[in-house]
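Encoded as structure tokens, the structure appears first; notes follow it.
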Amino acid sequence: PYLPIDPIDVGRSYEPIIRINSQSGKGGVAYILEQFYGLLLPKPVQQAFSQIVTAVSDRQQRELKPDEIHQLFQDTYVNLMKPLMLTGYKEEMIDDQHVAFSGTLQHNGKSVSVSGTGNGLLDAFCQALRQYLGSPLEITAYHEHALERGSTSKAITYVQVQNGGNKLYIGAGVSSSISKSSLRAVVSAVNQMMVKQPDRS
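Numbering of the sequence shown is given in this note's numbering, commencing with residue 2 and proceeding in unit increments.
Okay, structure coming up:
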């Protein structure tokens, strides 16, 4: 629906032709991020991010280019490190069904040790965050995929977390390790939560 002909056939590149403005639907935003940057946005992320793109387009009263949309996505969701940053962690198998997590967080520049147990690394990390933040924290959606092909490719993980109320927060993490990208995604979502609820930061 966005490209009735291939621009290369008429000697033009894709980028000058595709633009996103405040009237563009979430499909247009998702299409650009997939075609240019290999990002396969889950439906909840498409919906949330398209609203952000629309707001920026409205505010600036102009169309957004693909590179601007990609940068906006990175700045909004990916590997967010403030006010919370995970600086190191250790994973230990307790038994066949349980994992222990211990790690170090930087919270507004201060180093904090956290630990938790769960039925997997992410569950244990969330338990550690619950104890530290004193807040319920549940992962309600999880998606991950490789950004490139090959054994050295990076992975991106998208998570949606809920903190006990009806509010949902989205985060994404990128790393050559799926475990690290998952942890970074959770931290990014929690940072969204903390920025929007300043009493927690």
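Beta carbons: idealized from backbone N, C-alpha and C, even for Gly.
Residue environment analysis places I95 among the exposed positions, since fewer than 16 neighbouring C-beta atoms fall within 10 angstroms of its C-beta.
Beyond the five residues adjoining it in sequence on each side, A147 comes within less than 6 angstroms, by CB distance, of S154 and A156 in the same chain, given in chain order. Cβ-Cβ distances below 6 angstroms link C127 to L138 in the same chain, with the five nearest sequence neighbours on each side left out; the list follows chain order.
Between N164 and the set E93, R63 and R131, the nearest pair of CA atoms involves R131.
Only exposed fits R60, as fewer than 16 other CB atoms lie within 10 angstroms of its CB.
Take I70, set aside five residues on each side of it, and the residues of its chain with a beta-carbon closer than 8 angstroms to its own are I21, V30, I33, L34 and V54, in chain order. Beta-bridge analysis with DSSP links K91 to S103. In this structure, I140 sits near V162, with a CB-CB distance shorter than 8 angstroms.
For T118, the enclosing beta strand (DSSP E) stretches over residues K111 to G119. The DSSP-derived three-state label of Q198 is coil.
Fewer than three beta-carbon pairs drawn from the stretch 85–95 and the stretch 39–59 are found closer than 8 angstroms, and the two stretches are therefore not classed as touching.
Between G172 and Y78, the CB-CB gap stays under 8 angstroms. Spanning the alpha carbons of T158 and K66 requires a straight line of approximately 24 angstroms.
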